[in-house]
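2 protein chains.
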Amino acid sequence: MQLSKQNFQERTDKVYDAIVIGGGAGGLSAGVYLQRYLLSSLIIDKGKARSFWMQELHNYLGLPPDTPGRTLLKHGKDHYLSVGGDLLNAYVEEVVEEGDIFVVRVKIGRQDSIYAEFRTKYLIAASGIIDNLPFLDDMQNVYEYAGYNLHVCLICDGYEMADKKVGIFGKNQRSLEVAFSLGWFTPHITLFTQDMFDVTPQFRQRLEDYGYELIEEPIEKFIGENHQMTGVQLMNSSVVELEAGLISMGSQYHSGYLSSIDIQRQGENLVTDKMCRTSHPRIFAIGDLKVGLNQVVIAAADGALAATGIWQDIRREKGVKPRLDKIDSSFSLVS
Amino acid sequence: MQLSKQNFQERTDKVYDAIVIGGGAGGLSAGVYLQRYLLSSLIIDKGKARSFWMQELHNYLGLPPDTPGRTLLKHGKDHYLSVGGDLLNAYVEEVVEEGDIFVVRVKIGRQDSIYAEFRTKYLIAASGIIDNLPFLDDMQNVYEYAGYNLHVCLICDGYEMADKKVGIFGKNQRSLEVAFSLGWFTPHITLFTQDMFDVTPQFRQRLEDYGYELIEEPIEKFIGENHQMTGVQLMNSSVVELEAGLISMGSQYHSGYLSSIDIQRQGENLVTDKMCRTSHPRIFAIGDLKVGLNQVVIAAADGALAATGIWQDIRREKGVKPRLDKIDSSFSLVS
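Protein chains in written order, with this note's numbering: chain A, 432 to 766; chain B, 432 to 766.
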């Protein structure tokens, strides 16, 4: 059921089989599978999954190719609640390991916050990442286009940028390297440093060899209408026409709550095995948080894997007990 | 485009980037990703993917939990064709490796068959498995219930069988072991041997300890109405009431076309790495054919992985060439 400030205390004495941190595609899929394995689960969602920002999913099999990410999330949430899962909108501050149990400390509500603790045997870290966006004085101007034709994922949206004039917005020279992959889709590439960093003469020459343009003047704002970005206006008032954008400014990883737990990482990603189990046997990591390709359908599959891994563990441990009494005699030959 | 006996010859001179064998969830997802990477692809589908038989997908995130498998496949096929993929309904007889190219020999049409060859750099084996069904004189009687409440997958449908009287239909003693996993969901279990095999006294005792019933009398037919099986009628005319069934008779693996190619297997499954690449560097295997959990959403994710692996390979090989000519000057500051 949907938990809230009003009713969450009904669940604070419970030890869940699994708490899933994050209610994106991965977390919801895990939740559906956990419930269908007759395990108890709680999804704690701070809102705004990465796919929430995607105005059109173009490559999620089974959904029409213009389905908004939030539609997928809405369906998934309804699905999860329909199979009896618990869902709480809250922010996870810390996870503490106490013997065989994890204590999950959350803050409920941004205003008049309440602090609460939930307990679980297994943990699924499904809290993902969120993309850094260009920082302008008027951030509303960025939100106007981000997730529309101002993309954050080359794998997802390279196709949408094919043969278009695309601007790449980086945070350092290395982040601009994505230009050479974007070059697979379009030769019309302009890179923006926003005067935040310098690039080497060698890199400058390489861009020239490929025919890519480098603009170092800071950006005043994105221009366009109806969420379709058509260019950027620079601080010097000149305008660069564009047909799409690719933001390559890195991401925030939402895994700070695991800081007290020793767990293997590769960069900021959590290392997992084929069932999405981390180096901690009772912590699984799925979706963008784990090492691997960041795709919505992969996060959903990860959820199935992690939930199955947990079910296999618990089933092995608890087992199905032999019964000395024979089963209900009505379950026999009747005629 | 949809290929047929009439127009397939337009494509027989072409060397595709990838041919996908199998048009189920895995193959269609791979196809969508391949096309969106601007690669050329052909899906060869013999029809009747495993999910085609599933009357209700209950755990595919984003689709309402009663969506028929064929709806997912229909959406996926439309999606694939909308991004320019080629699709041919045909049966793959053989794949032959000729240098850097695979020649895929197909039979088009069950009647007045035409034989044709297609060429590709990469191959994705997505042809999956099909479940063996109980063999009765009247197979129509089996089809009446299979995929409704006569299930083939415990992982998928254990939840649907919770606390129900479930019959398990096995092909040997080992296949009946699934009872102890099904026991997680329901204690009301009857196992049927159909007098096709014997079980050991130890196994018999174990069933008794768990309170499961063993019926060795052959089955005459399933009974029920509106695709809901309500029991079985035995050859001796007695009736066993059931509320659901689980078929555990193994599967046919559709990978005979690979018989001339040396490739690592584990049992009948193909062994793959994290990107679904087999031991052959240009053959990928996805979905139920590969080692791993058989789930529709996992097959769809596998498609994304395999297509991405192929794109990375081809991109590395072909690259994006530096251009000595500067790009179109209109892609510059304009005001």
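Glycine is no exception: its CB is placed at the ideal position from the N, C-alpha and C atoms.
Every value quoted in this text rests on a predicted model; they were computed, and no experiment measured them.
Same chain, Cβ closer than 8 Å to residue i, five either side skipped, listed in chain order
| i | result |
| --- | --- |
| Q437 of chain B | none |
| F586 of chain A | According to the sequence as given, residue 586 of chain A is Ile; it is not Phe. Hits under 8 Å: L724, N725, Q726. |
| F634 of chain B | Q604, L607 |
| Q466 of chain A | S472, Y511, V514, G515, G516 |
| K508 of chain B | G454, L459, L518 |
| A593 of chain A | F616, T617 |
| S668 of chain B | E651 |
| L755 of chain A | For L755 of chain A, the predicted model reports a pLDDT of 46, less than 50, meaning its position is unreliable; a value from the coordinates is still stated below. Excluding residues within five positions, none has a Cβ falling inside 8 Å. |
| T631 of chain B | Q604 |
Nearest neighbour of residue i, chosen from the options [CA to CA]
| i | options | result |
| --- | --- | --- |
| V451 of chain A | A:Y491, A:R536, A:V583 | A:R536 |
| Y447 of chain B | B:M666, B:L673, B:D531 | B:D531 |
| E548 of chain B | B:M627, B:Y491, B:D444 | B:D444 |
| L567 of chain B | B:K595, B:S471, B:F600, B:S435 | B:F600 |
| D569 of chain A | A:S482, A:L470, A:Y643, A:E651 | A:E651 |
| N520 of chain B | B:G750, B:S435, B:P649 | B:S435 |
| R481 of chain A | A:V671, A:T502, A:A449 | A:T502 |
| V671 of chain A | A:E647, A:K705, A:E528, A:F533 | A:E647 |
| P649 of chain A | A:M666, A:Y579, A:D629 | A:M666 |
| Y468 of chain B | B:R747, B:W742, B:D588 | B:W742 |
| F533 of chain A | A:D543, A:Q542, A:R550, A:S544 | A:R550 |
| K602 of chain B | B:V609, B:A610, B:M627, B:D588 | B:M627 |
Residue j beta carbon less than 7 Å from that of residue i
| i | j | result |
| --- | --- | --- |
| Q683 of chain B | I555 of chain B | no |
| R708 of chain A | G740 of chain A | yes |
| A557 of chain B | I717 of chain B | yes |
| K538 of chain B | Y546 of chain B | yes |
| R598 of chain B | F616 of chain B | Looking at the sequence provided, one finds Gly at residue 598 of chain B rather than Arg. It is not a contact, given that the beta carbons lie outside the stated cut-off. |
| V728 of chain A | N700 of chain A | no |
| G559 of chain A | D704 of chain A | no |
| E674 of chain A | K595 of chain A | yes |
| Y590 of chain B | I620 of chain B | no |
| G493 of chain B | H506 of chain A | yes |
| I678 of chain B | V751 of chain B | no |
| L470 of chain B | F483 of chain B | no |
Own chain residues within Cβ distance below 6 Å of residue i, not counting five before or after
| i | result |
| --- | --- |
| F653 of chain A | N572, Y576, M660, V663 |
| I474 of chain A | V451, G454, G458, G462, L518 |
| L638 of chain B | L645 |
| Q695 of chain A | V702, S710 |
| D744 of chain B | none |
| P499 of chain B | Q486 |
| Y688 of chain B | V523, E525, V526 |
| Y491 of chain B | V727, V728 |
| Q433 of chain A | L518 |
| K749 of chain A | none |
| Q697 of chain B | V722 |
| M706 of chain B | L736, G740 |
Residue i in three-state terms, based on DSSP
| i | result |
| --- | --- |
| Y447 of chain B | strand |
| E644 of chain B | strand |
| K508 of chain A | helix |
| E672 of chain A | strand |
| K652 of chain B | strand |
| R708 of chain A | strand |
| E575 of chain A | coil |
| F623 of chain A | strand |
| T502 of chain B | helix |
| Y684 of chain A | strand |
| G740 of chain A | helix |
| V535 of chain A | strand |
| E487 of chain A | coil |
| R605 of chain B | helix |
| L677 of chain A | strand |
| Y522 of chain A | strand |
| Q433 of chain A | strand |
| E699 of chain B | coil |
Distance between beta carbons of residue j and residue i, contact taken as under 8 Å
| i | j | result |
| --- | --- | --- |
| P496 of chain A | H510 of chain B | 6 Å |
| L581 of chain B | G676 of chain B | 4 Å |
| N563 of chain B | G655 of chain B | Not quite, the Cβ-Cβ distance comes to about 21 Å (not below 8 Å), so this is no contact. |
| F715 of chain A | A731 of chain A | About 14 Å; that fails the 8 Å criterion. |
Cβ neighbours of residue i in the same chain (closer than 7 Å, five flanking residues each side left out)
| i | result |
| --- | --- |
| Y522 of chain B | K477, V537, K538 |
| H658 of chain B | E575, Y576, Y579 |
| G540 of chain A | K436 |
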